[in-house]
Amino acid sequence: MKQNSSFQEILEEKLGAGRPTPETDWTLSPGEPAHLAYLLGQIGVFRFPKPRPSPPPSSPSREKPRPAVPAPRAKGPPHALSERQKTAMGWFQDQGEALADDFNEKELKTAFRRLARRLHPDVHPQGNDLFLTLKTQHRCLEEIFKRPV
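Using my numbering, you'd call the opening residue of the sequence shown number 41 and step up by one each time.
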């Protein structure tokens, strides 16, 4: 290093700017995108086949064909209804929902829902009183299935 050298001269000396650079072929280096694209073009592309949904495993209950007509409901003993419950059952029948003498909870619920759709205040113009009556009659008949505590 010289005594009175400028900063640029010192920097060039340290970085080796004064030295000749070796001649190399920089046209296609391994890290260049063009080179990588060429290599990727040479590689066979493997694609996994699309998965096909497999049928669900067969269960013993599904092996039997279902009957076209549902099996008749088992008849039970008729309910012992109080006068209030008989009136409620008559009201359901007057509205077009016939309940059997030995109806179960599911049948009562189905009948209630059908009538609720028909008598709801949003559908029926004078439905408010009828809907409240429906709820009262349904609660009365529901008492049959309540278990005493």
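Don't be surprised by glycine CBs; every beta carbon is placed ideally from N, CA and C. All figures in this text were calculated on a predicted structure; none of them were measured in a lab.
Residue i and residue j closer than 7 angstroms at C-beta
i: L139; j: F132; result: yes
Inter-residue spacing [alpha-carbon to alpha-carbon] between residue i and residue j
i: F88; j: R106; result: 39 angstroms
i: H160; j: N168; result: 7 angstroms
i: E52; j: S46; result: 10 angstroms
i: P97; j: P112; result: 30 angstroms
i: V163; j: E123; result: 31 angstroms
i: L148; j: P91; result: 46 angstroms
i: Q166; j: T150; result: 22 angstroms
i: T127; j: F185; result: 17 angstroms
i: D134; j: T173; result: 13 angstroms
i: F86; j: P93; result: 21 angstroms
i: E183; j: Q125; result: 9 angstroms
i: L95; j: G130; result: The residue you asked about is not Leu; residue 95 is Pro in the sequence shown. Near 49 angstroms, if we compare the C-alpha coordinates of G130 and P95.
i: E49; j: Q43; result: 11 angstroms
Classification of residue i by the beta-carbon crowding that lies within 10 angstroms, buried from 16 upward
i: F171; result: buried
i: E137; result: buried
i: L55; result: exposed
### Task
Specify whether the segment 138 to 154 and the segment 107 to 119 touch according to this definition: at least 3 beta carbon pairs, one from each stretch, less than 8 angstroms apart.
The segment 138 to 154 is in contact with the segment 107 to 119.
### Query
If you pair each beta-carbon of the segment 147 to 160 with each one of the segment 168 to 182, do three or more pairs fall below 8 angstroms?
Verdict: yes, contact present.
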